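Residue numbers (the numbering used here): 245 to 480. Quick reminder that beta carbons are idealized off the backbone N, C-alpha and C, glycines included. Just so we're clear, the structure is a prediction, and the values are computed from it rather than from any experiment. Here's the structure, in structure tokens; my notes come after.
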Amino acid sequence: MTSLLRGAALITGAGSGIGQATALAFARYGARQLALCDIRPDAIAQTTQKLKDHHKDLDILSLDVDTSCEADVDHAVEHTAKHFGRLNIAVNNAGINGKAASSDQLEFEDWRKTMSTNLDGVWLCQRAEIRQMLKQEPLELGPRDGRGIIVNVASMLGLVAASPSTPAVAYTASKHGVMGLTKTDAVMYAPRGIRINAVCPGYIATPLLGAVGADGVLARQLEKVPQNRFGSVEEF
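Structure follows, in structure tokens:
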């Protein structure tokens, strides 16, 4: 894994949850150049401090980024490449739950808010990352030679429908969109040395999960988990 983590890695939503755990794991396995992106500067500062507490030799770039904003995203990727010399790995993790509702109960404003972050944001990030990686010479990593790696954090709800007991039409549609985006661009850019994949976590114990804990929602979901517990960010 260490050889795959050579060079600079950019992580969105790095202030907490899966994004923060990804940054810590990357550092543990040898990444020394990290661009941490989040819409919350205080959260990035906390992740940065956790990293520096255990790894004194890291070069960390902290970026205040709203991934639904084209200018923010383009600046973040450009600044990362300029600071580190290239962009090797990108993890597009930033996302929101949005309003949990069925279609007849959902307002267009709520739909667009979820799509703007979860789908538009991932596409904006991926587009900027692809554009940067296409400018780069391939690295020699044996069978994994390439210009860069992109990982999109989707969801199990990018593969299946949400339960009627916990309607989440906007979130589910947005994550299905991420899967379609990932598959399409993976095929498009693999011949040009850019590897694009998605991961689809189930219920992971993060602040995002806690935000949907009202009205016994989490208790009902926990009943469906064979181990009777939610996953941890470290397991993911």
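- For A320, the uninterrupted alpha helix (DSSP H) segment begins and ends at E314 to F328.
- Here P435 is exposed, its C-beta having fewer than 16 other C-beta atoms within 10 Å.
- Between A271 and D348, the alpha-carbon positions lie close to 45 Å from each other.
- Membership of G261 in the alpha helix (DSSP H) is indicated by the continuous run G261 to R272.
- When the Cα atoms are used, M400 and V422 turn out to be separated by approximately 11 Å.
- A distance below 7 Å between beta-carbons, with the five flanking residues on each side excluded, links W367 to the following residues of its chain, in chain order: L425.
- Inclusion of I393 and R439 in the CB contact set at 8 Å is warranted, their separation being smaller than that value.
- Where Q277 is concerned, the enclosing beta strand (DSSP E) starts and stops at Q277 to D282.
- Our two residues, S409 and I262, have alpha carbons roughly 26 Å apart in a direct line.
- For D429, DSSP records no beta bridge to any residue.
- Within the same chain, G339 and S418 come within 6 Å of N362 by CB-CB distance, once the 5 residues on both sides are set aside.
- Boundaries cannot be given for T410, as no alpha helix (DSSP H) includes it and DSSP labels it neither H nor E.
- Counting the other Cβ atoms within 10 Å of the Cβ of L331 gives 16 or more, which makes it buried.
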